[in-house]
Each structure stands twice: as C-alpha cells, then as structure tokens.
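Shown next, in structure tokens, is the structure this report addresses.
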Amino acid sequence: MRALNLKIENKIAILEFDQPDSKVNLLNSATMQELAENIDQLAQKSQGEVKALIITSKKEGSFIAGADIKEIEQIQWAAEAKEKSEKGKQILNSLQNLDLITLAVINGDCLGGGLELAVACKYRVASFSDRVKIGLPEVKLGLVPGWGGTQRLPRLIGLTQALKMILSGQNISGREALRNGLVDRLFPEARLKEESFNFVRGFLEGTEHITRIRRKGFSKALLENNPLGRAVLFQQVKKNLLKKTSGFYPAPLKALEIIKRTYGKSNQSGFILESEIFSQLAVTEVSKNLIKVFYLNEKFKKFPWVSDQVKQTKVNKCGIVGAGLMGGGIAHLTSSHDIPTRIRDVNFEPLKKALKTAREIFDYSLRNRKLKKNQVEYKMGLISPTVTYQGFENTDIVIEAVVEDLSIKQKVFKELSQIISPRAVLASNTSALSIGRLAEAVSYPERVVGLHFFNPVHRMPLVEIIKSEKTSDQTLAQVIAFARGLGKTVIVVQDRPGFLVNRILFPYLNEAASLLEEGMQIEKIDRIARRFGMPLGPLELADEVGIDVGYKVAKILQDAFGDRMRIVSVLNNLIQKGLLGKKSGQGFYLHTGKRKIPNPQVYRMTKINNRGRVSDQAALKRMIYTMVNEAARCLEEKVVNCPETIDIGMIAGIGFPPFRAGLLRYADSIGIEAIVTDLVNFQNQFGQERFRPCDLLLEKSRQKQSFYTHDSNRKPEYA
Amino acid sequence: MGRIAIVEGVRTPFVKSWTLFEDVPAQRLGSVCVRELLEKTHLNPDSVDEVIIGTVAQPVEASNIARVISLYAGIPKQKRAYTISRNCASGLESVTSALEKIKCGVDRIVIAGGTESMSNIPLMFGRETSKIFMKLNKAKNLAEKLKLFLGLRPRHFKPVPGLILGLTDPVCGLNMGQTAEVLAKEFGVTRREQDEFALMSHQRAVESRPKLQEEIMPFIIPSKFDRMVEHDNGPRENMNLESLGKLKPFFERHTGTVTVGNSCQVTDGACALLVMEEEKARQMGYQPLGYIRAYCYVGVEPDKMGLGPAYAIPTVLEMAGLNLKEINLIEINEAFAAQVLACLKLLSSKKFAEENIFSPGTVGEIDPNRLNVNGGAIALGHPVGTSGSRLILTLLKEMKRREAQFGLASLCVGGGQGGAIILER
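Quick note, the sequences are listed as chains A and B, same order. Using the numbering used here, the letters of the first sequence map in sequence onto residues 1 to 719. Using the numbering used here, the letters of the second sequence map in sequence onto residues 1001 to 1425.
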C-alpha cells in the first residue's frame, strides 16, 4: 500500500497523503521516499504539463502529524541521524525548487516534519476548524527541527514569531497562523478543497497575488531588523530559556543557537548546522527519555483501565463538599469545562474564598487570552455556592474535599448518601485515607471511589483514582471518563495507605528532614534535589503544600507502615510551633512576598546529631533510592499494575523530571544492583529500617533484572 | 386543564441602587437567582422548557436578557428564553405569560421572574452628540474630522440619565413622582398620611426580616466575592415620623407632599418562580406554594397611572368570582404612599363602583391588617422589572404561614396601567 496518491487534473497536480492503517499521516522513511519519487515525477512535468501542485491529506482533521518518532527513537548513532536529517532536507529542497505553484492545504494537525513540509511549499491555506494546530514540537522531545524548519520558518514569519514557536514547541491555531503570515488564507472546512483549487487557479490566471510584505512595526524595526536589536533579542530569549530549563533541557538552547548563528545567512549553511545539531541531540539520553515520556503520556491518555464494554454516563452536574483549597480548585476545573457545579461548605467564608480563587485563575486565563471575558462570565456563573445540601439531589458525581479526618468524611458521606441519586458516584479527594473505610458509611460501597487531585488543581495533570475492593467497574469507568474529560491524566491505584504518589513521595520528604537533623543546611538539601531536576526541593515543597497537610498524610503512613515511615521529629516540632509553611508565612523557610530565606528557628529546634558530613551524592541517593524502594514495594503489593503507572504518576503528580523518563526508568538506568548495594550500606550505617531493600528489589538484583523489560509494548493489563 | 401552580420561588436580597450591587449587572442578578431556584427545587435544567424574564431597563450588552440568564444559570442551550416588559408589572407579566404558554400547550415547565439593576441604567449622550460621534466615525479625512470636532460644545457632554428618561411618561410628560402628586391633590392625601404609611412599611419590613429571609438567597457579590448579602438593605430600623417629616418634597417644590421618604426606593434585585401545571407538579413530587386563580391588566390615564390597582382589583375579583372580603391577604405595590392611599380611597367610594359598574362585593374598604403585612416597596425597594414576581413570592409565603386561602397582588404601571393577580392555596 502506498501512502501518497498523485492525480493530475487540468494541469493541477494533487498529491494526497493517506497513510494506510493509520489515523494520521506520519513522515516515515517509506513515505518520504514516495514523496521524493513523486516530486521527481512532477519536476519532469513542470515544463507545461503541470502548472501547480496541491498537497492535501485524506485524514479527517489532520494534515501531517510529523515525522515518525519511532524511527527517531531507534537512531543509535549521530551519523545515522545526520543522514536522516540531510535526506529529508534534500527532498523538501526539491519540493521548494519545483517550478510550480505549490500549496499545502492544512485541514488539521500540521506538526513537526509536517509543518516543515508545508513551509517548503510556496503557499499555505488552512481551514477555520479548531482542529488546525500548527507547530514545531521537536524541542519537547529534546530535538530541534531537522528538515529546515529553523531556516524556513524565521524567513517566513519573522524572527520573534519563529523563535516563539520553535523554542516553546507550542502549537498555534489557524487564526494565529493567518495573523503571523504562516498561512495565506483560511477557508471554511466544508469548502476547503474547492477554495484551495480556486486559490491556485487564481495564481494561474493571474488574478491572485500574494506579496508577503513584512509588517513594519516599531518593535520589529527595533529588535529584528538591525544587528544590535537582534543581539538584545537573542540575549533576552537565552536568559529566559536558561531560567525555564534550569540547564536540564538542551534542545531549546541549541535551537536558539542555530537561529542565532544562521539568521540572515544563506539557506545552505544554515541547513548544515541544523543537521549537525539535530544529529547531536537525537542520540542524547535526554531526547530518548523525553520520547519515552511522550509515549508514556500518549499511552495513559487512553489506557483501558476498565473494559470498554462498561457503559459510562455523562456528568451533567457536579457537587463538591468542602470549599477549601482543593474543593475550590476542583470547582474552577469543572466549571472551566462547562459543568454546572454546586459547592457546599458549612459557612460562607470558605465559599467566598473559593469563588475568589476560581475567579483569579479565570482572570489569569483572561490575561493569557486563553478565554474571552464573556466566556469567563459564563463559566464563573456555573459555580453555585451553598451552605445546604439543596441541589445535590440531581448531581451525577459528588466530590468530597473536607478535612482529612475519617470520622468527618464518613459523616459527610452518610449525609450525602441520604440525598443523592442512586446513580450518582461518591468520590473522595482524600490524599491518604482508606476509601474502603469511607465507604462503610454508606449502603452502596460500589459507588464510592477515590478521586485524588493534586494541588494546584488547574496546573497538575495527574488524578489518582482509588479503587476500593468494592468499587464497581461502572463507577470506575465513570470517574475515569470524568477526569479525562477535565483534561487530566488518570492512574488507577489500589486502596492502600497513601495510595501511590504520596506513599512514594513521603520517604523523600522524610529523608530530607533526616538530612536536616544530621546538620545539612535547608537550602542545600533543596538545591541537591533541584540539581537532580526536581521542580522543587523537598523542604520547599513541604512549605508549599503546608506542613500540617503533609503531616496528616505522614501520620497515616506511619500508622500503616510503622518504623519504615517514622516521622522525623523536626516535623513534629514545626507543627507544634505553628510553622505550617508558606500559608503561615513560616515553615522551613521564612516567606516574605515572593522571597524566601531559610528559617533560623528550624535549626534551633532541631536536635542536630552530628554523624559526620554527608556528601551531596549520598544525600541525593538517600532521597531518591528510598523512593525507588517504596515504589518497588508498591509493585510488590500490586498497588499499581506496572512500572509505567508509577513513572507517569510521579512525573504528572509531583513533577519528577521528565528528562529522566520516570523514577523506575531512572532506577533501571542506575541499575537495581547498585541501588540495592547503596541501600544496604545505608541500612548498615544508620541501622534504620527505612533503608532495607524490599524483596522485589532484592529479587531483581539477584536475577540482574530491571523494572522494564525490553518489550515495552506489552498489552495493557486491566487493573 | 388544571390550575397553574407556582411551585417555588427565590429572590436575591433587594439592595439600594449604587450600594452593594452597583457592579453586578442585571443578567448576573437574574442568573444567580434562577440557578438557586433550580438548586432549591433540584429541578433538572434539562426539563425547563422556557425562561421568561421581565425587565424594564434591559442592559444594552444583554439584549434578550432572559436568554443570557438562562445560559448563565446552566440551562442547556437547546432551551428557550424570552424577555418581556410591562413596565412596573413586568415581573407579574412574566408569570402570567408563563401561564398562557402552559395553557396553550407550548410549554410545560417555565421559570418566570424579573430582574433589574437600576444602578446600571446607563447615562447617555444626547441625540445631537451621538450624531456627531457617528459622523466622526465615518469621516474620510482629517479636515472633515477636525471640522466635526470643532462643532462640539460643552453642552454636548452633559449626560442624559437613562433612569430619569425611563421614569418620565412619554404621553403626559410627567415624571412618575409627579403623577403621585396629581393623585395626592385630587384625593386630598396629606403629607402626614403618606409619611405614616411609609413608616408602617418600614416597621413591618424590619419586623418581618426573619420571615423574608425564607424567600431570600444569600448572595456573594461578584466579581470580587469578598462580601455576602443576606438581607434587604432598604428597611430602616430607626425610621420615625420626625425624620420622614424633615424631607423636602421632591417633585413639587413648597406645596408638594411626595418625598423620597414616602416613595419607593430605587433598587437592584431579581426574583425567579417555578411555574407548571398542578398535575405536573404533583407527578414530580412538588408541593406548590400556591395556584393562580385569576389575573388581569387594565388601562388607566397615564397621568394617574397610580390608580391602576383601584381598577384592576375589582376586575380581577369579578373574573375570579370572589368578593374582596374573601381575600385574606393583599399586596399593593408601594410605588408611592400617595398612590396606594388614593387607591384605597377610591376603592371605598360608592360613586367609583357605580360609575365603573363594579359589583358591590368587589369593592370596599381594605383592612390595613391584611395589606402589605411584611412592608412594601417604600421599605424594601422597587426594582421595577422584578417587583411583580416579588409580590407573588412574598404573598404566597405569607399565605402559607397563615394558612390563608386567597391572596391578591396588584401593581400600578407606569404609562397608565394596572395589573392584579389572585392566588389560592
């Protein structure tokens, strides 16, 4: 089967992409080869037989989704990558050099290699559809565009706009593309084909002219059109990039370097540098890991946790009990997805705050131009506050987000169970309490489920769904669909104390507190973790979350797992002194405005038992390996089904560095044997239960196995 | 077809204009209220066929405000909504329109109500100024623009308050307050009588606060959300005849009797009622507040628009086949104390009944202990488009408390009309 169909009608050639057995078109080697052949054929006919070439896609709502990432992932040597990049460039160059009117008709996704192909055409048109997404996402995979994108795009839409697209990897809409000159016309989706033809015919008949006059703006003249301005621009962009990537993600900086060194020079020299840098990046571990995370994300977007035979009903109305930080955050999330939401608390104070917070997040979307004022008015109005249970009768799902106290939560469940419809799902946003125990309060435990959002709700992509022994598949299917509808990544975990993410996270926080007690400085501990790539160090994270909030979870874990999770005493001291973190102004740090300095009081209240200096490396190992150990226990106890679930959970839940591909991928890269050796050493050194490697780790170490087998395409298992 | 039921209702607090709600547009007042009604009745928004909202000064940014309210309240987009106006009786007209729609078989479940933000009635530029601005927009070159600019004079920037325009009768040219003065003169209503009436309104409203609480929803004020309002802020605890007496006549210098103290307040607020057939309500498991027995609208002289209730009350009693004496509770909207008192005088006049051929039972003295027992618009305020719905809600709740069988609500209508409705339980 071929992926390209070439037709010629009235001197207009139509090249249609239609990759067999695929929902989207991908530019793999075979397709590129076909493209090359077609272009050669057209080149021969360009002396009169054919006057124009229209490139279209037969896939609905998708033009070309990009190059085939699988092929890039398999590249092992830089030379291989270079060859691939040069070959692609060669083909697109011949497309550019065709002596024809060439037009790309963008009917949907036009990404990566797809966009590079489109900008090698003389003109581009797109449909008005929302499905039109145009971008160069290569940097998100630790790469740079490899088929001339860094050269053609700045030339077409100007330096500032091109930098924005290439360095962020973000997509733009059809309208934005029209505004910045990337596409020349937008047509209605239903008439895209005909209008594209007319457009081309216009050129042939001499009635259509497009002159791309660079719009002259003040900032453009100042920044782009003179060397000094450009130097300032590059400087500024670089500074921002360094801040944003913390030095862990080289790709955007490399892309900047290419553009900086080649802007305004000949295409040829630019192409050479681009291929060179592409080939360097394609073989880096960072890129390989980011590609793995990309697949991981894709996989979990539709991972079949429940058989698709189970019917789900749509959530038309959501109830929330508890208008604290989480309840308010969830209310914003549901209303932003146009779900009418009724939120209850015992008095109006927290409700006012919740509405205010939701409004502030909406205002932020307003400033970002993600939403229009009227949309915000509409969405905001969907949140209805109350101090009664009136209006909960016809909710399809109720999310309980009251304080982390089993008896209070059970009371709320009991009250709700007398009100809500027999079809409604009762979900708890608890971060550690047993769902099974909560369900004891109601007569239909099969409808009770855990739905654990992370703070801040609108930013954190993960939702942990906790299935008790009695939770029905129907309930599970419903909350999974609900959470995905809210744009979240879902993992399903078993009803064990701390579930997954918090259970693995706690040893890391606790280890940090131990290091503090051993005399390591607060900011140093955090710096070590941040240098590893964590978005926040453990102690600043505790301050953000609230030490009391973390403490409650810690208590549950300590009760459940005993010695291994014994709370380090400095945490007790902080709680007693009312140092609760950022919200109280003081925690491990003193918070004033946006600035924070280590809190000297913490040192004073810490009994520092000097056991000698801990090296940075040992400190990091202790923090990360105890997490690995706990993660292995979660696998052992079947809290989750597979290592992927842990990796996506830690990346999406707490921001474990994606360039390390996930906690267990990282463990594999170190080697389980090495980790076990270190853990055993720590255990001997400190005589602490928390370092004792679990059976699964020991077993894998003996068998010289890793968490991941090489066959990563195994069939999904039902949880 | 059976009776039409008013199942449940709710209203926002009534808040003096340019105070707490000054930044809340009428559509938001209405939508929060409609949403609360849906929640209170746990009615599936999917089953609402139509939202009918009465309003007088429809905001320019929310034309067909009922539709905006319906969508903001989370009612599905496939549902219908329209806005009606019968001036001060708009909130009554929305309910009677709902009845008509249901009786005609067009709708089954209707949310009817009213909304008004008198704080948000815009100030306008005059015609002349507007014309100049339009021409400026169309001007082709600088010279033309300059010429137009030079034609602008300070007087062009004097705003025309929409509120004042709206309260002026387009036929007789009198302001609503002036029509009240007309009645005070004709019926010899003294300043003292008016002030006493106003005082009673405040006293009753203050005393009824806990009762009124039952129909008011707590309202967190958008978009700052840092204040919550639970009560009407019009009624004054410390009101007395002395302070009322100190006020100067507002509409007629020296010899006038109508003051801001014995007139209704300018107010923001919304009200929503759930209307459906009795049988339907029973099927859905509701216990309606009450049922509509009869309603009517009548036309009167524009410059005596305040007499509307005097004509509407006997008419509606006639239609209902009831005597005035059988009515347990009566609400007459207090646009002006003078106007209500004039109506009472007229109703008890034999000559009036004879001239208009009203049957004897439908006219007579109205017992002050049955009239506006929880205070009226002088204390609570009169958000014009909303008041009709509010009277029905307050009346029905009071009828329930007293286990009264019949209640009557009536309003005078700017432009020279009267409206009345009889409710039963």
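Ideal Cβ placement from N, Cα and C applies to all residues, glycine included. Owing to the predicted nature of the structure, the values given are computational and were not obtained by experimental measurement.
Of all the CB atoms in chain A, is at least one closer than 8 Å to the CB of residue i?
{"i": "R1446/B", "result": "Nothing in the structure corresponds to residue 1446/B, since chain B is present only between 1001 and 1425."}
{"i": "P1218/B", "result": "yes"}
{"i": "S1063/B", "result": "no"}
{"i": "H1231/B", "result": "no"}
{"i": "L1071/B", "result": "yes"}
{"i": "G1091/B", "result": "no"}
{"i": "D1049/B", "result": "no"}
{"i": "K1135/B", "result": "no"}
{"i": "F1021/B", "result": "no"}
{"i": "M1239/B", "result": "no"}
{"i": "S1031/B", "result": "yes"}
Is the Cβ of residue i closer than 8 Å to any Cβ of chain B?
{"i": "Y364/A", "result": "no"}
{"i": "R359/A", "result": "yes"}
{"i": "F482/A", "result": "no"}
{"i": "F348/A", "result": "yes"}
{"i": "L371/A", "result": "no"}
{"i": "S784/A", "result": "Outside the shown range of chain A (1 to 719) lies residue 784/A, about which nothing can therefore be said."}
{"i": "N394/A", "result": "yes"}
{"i": "S384/A", "result": "yes"}
{"i": "L351/A", "result": "yes"}
{"i": "G662/A", "result": "no"}
{"i": "G381/A", "result": "yes"}
{"i": "P188/A", "result": "no"}
Residue i: buried (16+ other C-beta within 10 angstroms of its C-beta) or exposed?
{"i": "Y364/A", "result": "exposed"}
{"i": "I1164/B", "result": "exposed"}
{"i": "P1360/B", "result": "exposed"}
{"i": "F1149/B", "result": "exposed"}
{"i": "C1104/B", "result": "exposed"}
{"i": "P1154/B", "result": "exposed"}
{"i": "L9/A", "result": "The question names Leu, but residue 9/A is Glu in the sequence shown. Looking at its Cβ environment, which holds fewer than 16 other Cβ atoms inside 10 Å, E9/A is exposed."}
{"i": "Y718/A", "result": "Residue confidence is low: Y718/A scores 41 on pLDDT, short of 50, so the model does not pin down where it sits. Its coordinate-derived value is still stated next. Burial call: exposed."}
{"i": "I408/A", "result": "exposed"}
{"i": "A674/A", "result": "exposed"}
{"i": "G581/A", "result": "buried"}
{"i": "M1134/B", "result": "exposed"}
{"i": "M1001/B", "result": "exposed"}
{"i": "P1222/B", "result": "buried"}
{"i": "Q576/A", "result": "exposed"}
Have a look at the options and flag the residue whose alpha-carbon is nearest the alpha-carbon of residue i.
{"i": "L1047/B", "options": "M1284/B, P1360/B and R1011/B", "result": "The amino acid occupying residue 1047/B in the given sequence is Ser; Leu does not appear at that position. Per the Cα distances, M1284/B."}
{"i": "M1319/B", "options": "C1088/B, L1344/B, L1092/B and A1420/B", "result": "A1420/B"}
{"i": "Q33/A", "options": "L296/A, Y666/A, I72/A and G88/A", "result": "G88/A"}
{"i": "V1300/B", "options": "G1416/B, S1243/B, Y1286/B and N1369/B", "result": "G1416/B"}
{"i": "K729/A", "options": "S57/A, G587/A, I134/A and F197/A", "result": "An answer regarding residue 729/A cannot be provided, because it is not within the stretch 1 to 719 covered by chain A."}
{"i": "K1224/B", "options": "A104/A, F362/A and F561/A", "result": "F362/A"}
{"i": "L1307/B", "options": "L1324/B, G1290/B, E1334/B and L1322/B", "result": "E1334/B"}
{"i": "V1034/B", "options": "A1081/B, G1321/B, A1337/B and F1125/B", "result": "A1081/B"}
{"i": "T211/A", "options": "L182/A, E195/A and R531/A", "result": "L182/A"}
{"i": "G322/A", "options": "V398/A, P538/A and K51/A", "result": "V398/A"}
Looking at residue i and the ligand HEM, is the gap between the Cβ and the nearest heavy atom below 7 Å?
{"i": "F303/A", "result": "For the ligand HEM, the structure offers nothing, since it holds no ligand at all."}
Which residues of chain E have a Cβ atom closer than 8 Å to the Cβ of residue i, listed in chain order?
{"i": "Q390/A", "result": "Here the protein chains are A and B, and chain E is not one of them."}
Problem - the region 1248-1268 of chain B contacting the region 1189-1198 of chain B, beta-carbon criterion three pairs below 8 Å - result: yes
Exercise for the section: Kindly confirm or deny that the region 685-701 of chain A and the region 1339-1350 of chain B touch, where touching means at least three C-beta pairs closer than 8 Å. Expected result: no
Handout entry: Three or more C-beta pairs below 8 Å linking the region 1230-1245 of chain B and the region 1376-1391 of chain B
Key = yes
Problem - Sufficient close CB pairs (3 or more, under 8 Å) joining the region 428-438 of chain A to the region 456-476 of chain A - result: yes
Exercise for the section: Quick one: which unbroken beta strand (DSSP E) runs of 3-plus residues sit fully inside the region 563-596 of chain A? Chain order, please. Expected result: 589-592
Problem - Three or more C-beta pairs below 8 Å linking the region 1245-1253 of chain B and the region 1167-1180 of chain B - result: Because the criterion of three Cβ pairs below 8 Å is met, the region 1245-1253 of chain B and the region 1167-1180 of chain B touch.
Handout entry: Sequence ranges, beta strand (DSSP E) only - wholly within the region 422-465 of chain A, length at least 3
Key = 425-428 and 448-453
Problem - Stretch pair the region 500-511 of chain A + the region 626-638 of chain A: three plus CB contacts closer than 8 Å - result: yes
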